[in-house]
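Chemist: Before anything else, here's the structure in question.
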Amino acid sequence: MIRRILLVSIVVLPCAATTISTTISTSWPCNAGSDVTEFPACNKFLNFGDSCATVLGRPAKQDCLCNQDYLDSLYACENELHLCYLNDDLDDTFESGVMSWDSLCGSVVTFSPTTLSASPYTAHPDQLCAEVKKTCLTGHSLIDECLSYVSDEDTSSFSSCTCQPQLLRLDYSCHFIGNASCLVTDVALSSLRGYSECDNFASVIGTGLVSVREASP
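Residue numbers for the sequence shown, in mature numbering (1 follows the signal peptide of the UniProt record, and there is no 0): -17 to -1, 1 to 200.
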């Protein structure tokens, strides 16, 4: 959806290099770890496109688009989304916008276009978190199997099931690595179920593993 919205704004080719009164106010859910809660740069960029939706003809579009203010809004929105999603997945979309601008404006601009500096960010571990999600699903399935022993008078079967090394590793991947790396929340080994309930916890998990792959069976 966001890619479609940005493409529409790029294709429309926005209006003049004057102060833009904001009429569009949008927001997107950011990845865990991002501090972005508002999108003033992207709202300005989208309002540029909206304000020029009815401008037709190449000369008119050049009058509307060929200015540094538009380029600033494009690069600022790109930077804003870097900080929101903590990745560069939308860079191709913005690069398409820059190429369209250059095709339209390259022969008519009388100024030297400048590029806003990008803010640094720590990339969101998308691949890691995809693996974490899989371990959570597998772990939940194993827990469901263990629940069949709950009604037994002898609780050793339930304990043996929930303390099996495979389940301890899956639980660690899901709730420790998942919270620390994907949800970016504080978590301690002592918060894991097996820490206080399973005598073999220390021998299986130790002081903490470094990756989902190591924690997987």
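In this text, a Cβ means the ideal position worked out from N, Cα and C, and glycines have one as well.
Please determine, among Ile160, Ser10 and Tyr58, the residue with the shortest C-alpha to C-alpha distance to Val170.
Modeler: Nearest of Ile160, Ser10 and Tyr58 to Val170, Cα basis: Ile160.
Chemist: Can you tell which of Leu66, Glu180 and Cys129 has the C-alpha that lies nearest to the C-alpha of Ser102?
Modeler: Per the Cα distances, Leu66.
Chemist: So what does DSSP say about Ser143, is it helix, strand or coil?
Modeler: Ser143: helix per DSSP, three-state reduction.
Chemist: Return the CA-CA distance between Ala106 and Cys47, expressed in angstroms with no decimal places.
Modeler: If I take the Cα positions, the gap works out to 35 Å.
Chemist: Anyone know if the C-beta pair for Ser56 and Phe31 falls short of 7 Å?
Modeler: Contact: yes.
Chemist: Using the three-state DSSP reduction, which class does His107 fall into: helix, strand or coil?
Modeler: Coil at His107, not helix or strand.
Chemist: Could you tell me the distance, in whole angstroms, from the CA atom of Lys117 to the CA atom of Leu29?
Modeler: In a straight line, the C-alpha of Lys117 is about 37 Å away from that of Leu29.
Chemist: May I ask you to report which of helix, strand or coil DSSP gives Asn50?
Modeler: If DSSP states are grouped into helix, strand and coil, Asn50 belongs with coil.
Chemist: State buried or exposed for Phe184, treating a residue as buried only when at least 16 other CB atoms are found within 10 Å of its CB.
Modeler: So Phe184 ends up on the buried side.
Chemist: Among the residues of its own chain, which have a CB less than 7 Å from the CB of Thr121, if the five just before and after it don't count?
Modeler: These residues qualify, in order along the chain: Leu153.
Chemist: How would you label Gly80, buried or exposed, when you count the other beta carbons within 10 angstroms and need 16 or more for buried?
Modeler: So Gly80 ends up on the buried side.
Chemist: Determine whether the beta carbon atoms of Thr145 and Cys157 lie at a separation below 7 Å.
Modeler: Contact: no.
Chemist: Considering only C-alpha positions, which residue in the set Tyr68, Tyr178 and Ser174 is nearest to Asp18?
Modeler: Measuring from the Cα of Asp18, the nearest candidate turns out to be Tyr68.
Chemist: In the structure shown, what three-state DSSP assignment does Phe94 receive?
Modeler: In the structure shown, Phe94 sits in coil (DSSP, three-state: anything other than H, G, I, E or B).
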